[in-house]
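Below is one structure, written out as structure tokens; the observations come after it.
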Amino acid sequence: MNRRSPGRSEKPRPSGPRAQPLRPTAETPDIQSFREFKLEPDILATIEGMGITKPTPIQALAIGPALEGKDLIAKAETGTGKTLAFGAPMMSRVDASRSSVLGLVLCPTRELAQQVAGVLEKLGASRKIKVALLVGGEPIHPQIDALKKGAQVVVGTPGRVIDLYGQRFLSFPWTEFVVLDEADQMLEIGFIDDVRKILSYTPEERQTMLFSATFPDAVLQLARESTRNPSEIATAQGVATVKSIEQGFIRVSRDEQTMALIRLIEQSGPDDIFLVFCDKRTYVDALMRRLERLPFSVKALHGGYDQAARFRVMSAFRTGEVKALVATDVASRGLDVLHVTHVINFGVPQDISDYTHRIGRTGRAGRTGVAITLVTPEAEIRWRSIERAAPWKIAEIEAPGRYRSRPRPGERPPGDERPTRDEARADGSAADARPRRDDRPRAEDTRRSREAPRSGDASRSGDSARGARTRTDDRPPRDDRPQRDARPTRAAA
745 MNRRSPGRSE KPRPSGPRAQ PLRPTAETPD IQSFREFKLE PDILATIEGM
795 GITKPTPIQA LAIGPALEGK DLIAKAETGT GKTLAFGAPM MSRVDASRSS
845 VLGLVLCPTR ELAQQVAGVL EKLGASRKIK VALLVGGEPI HPQIDALKKG
895 AQVVVGTPGR VIDLYGQRFL SFPWTEFVVL DEADQMLEIG FIDDVRKILS
945 YTPEERQTML FSATFPDAVL QLARESTRNP SEIATAQGVA TVKSIEQGFI
995 RVSRDEQTMA LIRLIEQSGP DDIFLVFCDK RTYVDALMRR LERLPFSVKA
1045 LHGGYDQAAR FRVMSAFRTG EVKALVATDV ASRGLDVLHV THVINFGVPQ
1095 DISDYTHRIG RTGRAGRTGV AITLVTPEAE IRWRSIERAA PWKIAEIEAP
1145 GRYRSRPRPG ERPPGDERPT RDEARADGSA ADARPRRDDR PRAEDTRRSR
1195 EAPRSGDASR SGDSARGART RTDDRPPRDD RPQRDARPTR AAA
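Straight run, no breaks: the sequence shown in the numbering used here ends on number 1237.
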């Protein structure tokens, strides 16, 4: 078995023969409690303390073989509880008395690595197992200090792991467990060859567990060459949590889109947490300018934020301090927050794959969730393609409050009882069918108002202003006035 890396490349290296497809060899066992596994008592107590009672399908399939030391190739979709599937057996088997790196978990993004490290720290706290987080974009010296203190488990991104290995702060002579989480994302980002390089640093006798939502040829080839006699397991096709998610869409105009979102948040319960997806970071910023003036807490997350800001936002969101998080797809990679109750697609996803990954952020670990998509006229065609591709029904729902759904083409707006043009023609003249306004002023009324004399108050005010001058209306008729010619001339006088 060749575990050596051929060198880094931006594109996946071409494979020779086509990799054999994944062959799941086990059905999901009927396991109702984690106590049916041979986990350490401290690990069991921690899991129960997290409020998790029944294993998810991927946990039921993976924990048993992992405890037996078998290699795993697992197809696990978004929201299936992968971290606990490999974390619980690994943390049960790690020897806390040793001060070398025994477990290594590789993740494609900083956010996912932070999430995984947080779960593993909780699992290992009672057994005093130290976990080191090694990711780029963070100061390197605290990470070096964590390694010097004898961390038994390392969670990191490939780039920072290779960097610290090259500086000789990190080595793997005694490593027993290697986990590759979201391997398909590492392929997409271009980390596959870096992963191969890191695997070449570790012992041949290690236990390897690879988890991926999809298995393109490059990921299958990596899985085959990095494992020995693996157990191949898979959950049901599609997003595993889709049955626990109530899905719907609302037709809105572009002007109503933001107000519909605001009404959804305002009418939610006090414990509801929203994750709002936008297509671009400029859309995130524009939406934040509208939402940040509202009485509930809202944060934003996209690739333009530096690592310190991203960490503050994620920490606030995980602790429940934020009512709504507005984010892009890329920024939300690795986001695993169990208490997200609502996913709102402020922009229609590009395809069914993006749609399922978005809605999979709610309804996790046996919980229920709500996913709502706001469909504008500009995105109608793309939304219809998603509806056709989805193997489940997505219901149309009314917008909350007075922001009602826009009508379908050819439909009359709700509450409009006026006759249409065709109905008016059928009844007679279109002009006769129109409702007549009785309060509209008529022409003769307008003339009377112009000819009406001024009020007495206005006359008195005019007299006061002109002093003793005679009003024009009090003058005698022109015919009764003396003619100019009849007046005596100055000479005659």
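Note that beta-carbon positions come from the ideal geometry of N, C-alpha and C, so glycine has one too. For clarity, every value in this text was computed on a predicted model and none was experimentally measured.
At a Cβ-Cβ threshold of 8 Å, I802 and A818 count as neighbours. Proximity to L891 across K874, R1126, T952 peaks at K874, based on C-alpha coordinates.
Using a C-beta cut-off of 8 Å, the stretch 949-962 makes contact with the stretch 925-941, since at least three inter-stretch Cβ pairs fall below that distance. Close CB contacts of T1085 within its chain, under the 7 Å cut and outside five residues either way in sequence, are with D1016, I1017, T1106, G1113, V1114 (chain order). Around the C-beta of R1033, fewer than 16 other C-beta atoms lie within 10 Å, and the residue is accordingly described as exposed. Distance from the CA of R871 to the CA of S944, rounded to the nearest whole angstrom, comes to 30 Å. Pairing V898 with L878, the inter-Cα distance amounts to about 7 Å.
The residue from R904, G868, Q896 with its alpha-carbon nearest to that of H885 is R904.
The secondary-structure analysis by DSSP pairs M1032 with nothing; it has no beta-bridge partner. Spatial neighbours of E926 in its own chain (CB-CB distance under 6 Å, excluding positions within 5 residues in sequence) are listed in chain order as P852.
Contact check for V1042 against V996 fails: the beta carbons are separated by 8 Å or more. Taking a cut-off of 8 Å for Cβ pairs, the stretch 1097-1105 and the stretch 1045-1054 do not touch, as fewer than three such pairs fall below it.
Contact between T901 and R854 holds, since their C-beta atoms are separated by about 6 Å, short of 8 Å. Between G825 and L867, the gap from beta carbon to beta carbon reaches 8 Å or more. Restricting attention to R1037, T1002, T790, the CA atom closest to the CA of L828 is found in T790. Put simply, of P883, S1059, G1048 the residue whose alpha carbon is nearest the alpha carbon of D907 is P883. A check of alpha carbon separations from K782 across T772, M835, T800 identifies M835 as the nearest. Around the beta carbon of R1108, 16 or more other beta carbons lie within 10 angstroms, which makes this residue buried.
G894 is the residue among A957, D1095, H1083, G894 whose C-alpha sits nearest the C-alpha of A840. Take A1123, set aside five residues on each side of it, and the residues of its chain with a beta-carbon closer than 6 Å to its own are V1092, in chain order. With fewer than 16 other beta carbons inside 10 angstroms of its own, Q776 counts as exposed.
In terms of Cβ geometry, V1119 and F921 do not form a close pair [threshold 8 Å].
About 11 Å separates the CB atoms of V1081 and R1111; that is not less than 8 Å, and the two are not in contact. Apart from sequence neighbours up to five positions away, the residues of its chain that approach A806 with a beta-carbon distance below 7 Å are L816, A818, A829, F830, I977, ordered along the chain.
Pairing L856 with L864, the inter-Cα distance amounts to about 12 Å. In terms of Cβ geometry, V1028 and A1068 do not form a close pair [threshold 8 Å]. The beta strand (DSSP E) runs of length 3 or more contained entirely in the stretch 1074-1133 are, from start to end of the chain, 1086-1089, 1113-1119. Residue range 961-970 is occupied by the alpha helix (DSSP H) that includes L964.
Nearest in C-alpha terms to R1126, of all of I1141, D1098, P917, E1142, is D1098.
If one requires a minimum length of 4 residues, the alpha helix (DSSP H) runs lying completely within the stretch 849-906 are 854-869, 884-892, in chain order.
The C-alpha of M953 lies about 30 Å from the C-alpha of V1087.
The three-state reading of DSSP puts E990 in strand, counting E and B together.
In the structure shown, V939 adopts helical secondary structure according to DSSP, grouped into three states. Residue burial annotation: E1000 is buried, with at least 16 other C-beta atoms found within 10 angstroms of its C-beta.
The Cβ atoms of T1002 and L1031 lie closer than 8 Å to each other.
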